[in-house]
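Residue numbers 737 to 880, in the numbering used here, belong to the letters of the sequence shown in order.
By construction, the Cβ of each residue, glycine as well, lies at the ideal position given by its N, Cα and C atoms.
These numbers come from a predicted model, not from an experiment.
Report on the following structure.
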Amino acid sequence: AYAGSDVVCYLAEHPTPLVERQARQWGPWRDWAAREMGVVLTPVAGIFHQPQSPGAIARVKAHALSLDDFRLTGLATAVPLLGSAVLALAVEQGALGGGAAFDLSRIDELFQEEQWGVDAEAAERTEARRAEAQLLDQWFRALD
737 AYAGSDVVCY LAEHPTPLVE RQARQWGPWR DWAAREMGVV LTPVAGIFHQ PQSPGAIARV
797 KAHALSLDDF RLTGLATAVP LLGSAVLALA VEQGALGGGA AFDLSRIDEL FQEEQWGVDA
857 EAAERTEARR AEAQLLDQWF RALD
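Spelled out as structure tokens, the structure:
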């Protein structure tokens, strides 16, 4: 389901610094997914759902179904945590660290924090989730 609405495919329309940051930081991971996994996802500007190609969704599903139970468990944890099948696949494949993937998944939130400041309670939740994302590295590397 997340491949059909992957966070790295929904780009802001404005402000320009956020648009540029998303393009610069998410574009390479969409390219990675296309090159390494055969998963070609189409980015869209705005928040309205844009269906992805059935072929791309089928490739993500086929990869997930090819995994053993332990790797699939890690992937099933990573995808909703990151809001991104692309970033989760990159972590599962060892191309991206869990902490870095978590930060990439939060580009919008990080931008808002830079503009308006950080809420202390939200920061605690964020750090707990970042720690969980970092544990994914250990999980997947232990399975290698």
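Presumed contact (8 Å Cβ cut-off) between aspartate 742 and valine 822, rounded CB distance
Taking the first residue of the sequence shown as position 1, residue 742 is located at position 6. Taking the first residue of the sequence shown as position 1, residue 822 is located at position 86. Indeed, because the Cβ distance is near 5 Å, the residues count as touching under 8 Å.
So, do the region 834-848 and the region 863-870 have three or more beta carbon pairs nearer to each other than 8 Å?
yes
I need the straight-line Cα distance from proline 779 to tryptophan 765, nearest angstrom please.
Start at 1 with the first residue of the sequence shown, and residue 779 comes out as number 43. Start at 1 with the first residue of the sequence shown, and residue 765 comes out as number 29. Going from the Cα of proline 779 to the Cα of tryptophan 765 covers about 12 Å.
Identify every residue that forms a DSSP beta bridge with alanine 781.
As a first step, residue 781 must be located in the sequence shown, where it is residue number 45. DSSP output for alanine 781 lists Leu747 as bridge partner(s).
Just to confirm before moving on: does the CB-CB distance between arginine 795 and valine 775 stay below 8 Å?
Along the sequence shown, one-based indexing puts residue 795 at 59. Along the sequence shown, one-based indexing puts residue 775 at 39. For arginine 795 and valine 775, yes; Cβs fall inside 8 Å.
Residue burial classification, isoleucine 843 (beta-carbon count within 10 angstroms, cutoff 16)
Looking up residue 843 in the sequence shown gives position 107. The residue in question, isoleucine 843, is buried, as its Cβ has 16 or more Cβ neighbours within 10 Å.
Could you tell me whether the Cβ atoms of arginine 771 and leucine 879 are closer together than 8 Å?
Walking along the sequence shown from the start, residue 771 turns up at place 35. Walking along the sequence shown from the start, residue 879 turns up at place 143. Taking 8 Å as the Cβ cut-off, arginine 771 and leucine 879 do not qualify as a contacting pair.
By the 10 Å Cβ neighbour count, where 16 or more other Cβ atoms means buried, how is glutamine 851 classified, buried or exposed?
In the sequence shown, the residue the question calls residue 851 occupies position 115. With fewer than 16 Cβ atoms within 10 Å of its Cβ, glutamine 851 is classed as exposed.
Mind checking which residues open and close the alpha helix (DSSP H) that includes aspartate 767?
Along the sequence shown, read from residue 1 onward, the residue named residue 767 stands at position 31. From DSSP, the alpha helix (DSSP H) with aspartate 767 extends over 752-768.
Assuming serine 820 and valine 744 are in contact, meaning their beta carbons sit under 8 Å apart, how far apart are those beta carbons, in whole angstroms?
On the sequence shown, position 84 is the one that residue 820 refers to. On the sequence shown, position 8 is the one that residue 744 refers to. Yes, they are in contact, since the Cβ atoms of serine 820 and valine 744 sit about 5 Å apart, within 8 Å.
Reduced DSSP category for glutamine 848 - H, G, I as helix; E, B as strand; rest coil
As a first step, residue 848 must be located in the sequence shown, where it is residue number 112. Correct three-state label for glutamine 848: helix.
Identify the continuous alpha helix (DSSP H) that holds glutamate 828 and give its terminal residues.
Translated into the one-based positions of the sequence shown, residue 828 becomes position 92. Unbroken alpha helix (DSSP H) run through glutamate 828: 821-828.
How about serine 841 and leucine 818: do their beta carbons lie closer than 8 Å?
Position 105 of the sequence shown, counted from the first residue, corresponds to residue 841. Position 82 of the sequence shown, counted from the first residue, corresponds to residue 818. It is a contact, given that the beta carbons lie within the stated cut-off.
Exposure of leucine 812, with buried meaning 16 or more beta-carbon neighbours within 10 Å
Within the sequence shown, residue 812 is the residue found at index 76, counting from 1. It should be pointed out that residue 812 corresponds to alanine in this sequence rather than to leucine. Counting Cβ neighbours within 10 Å, alanine 812 comes out exposed, since fewer than 16 surround it.
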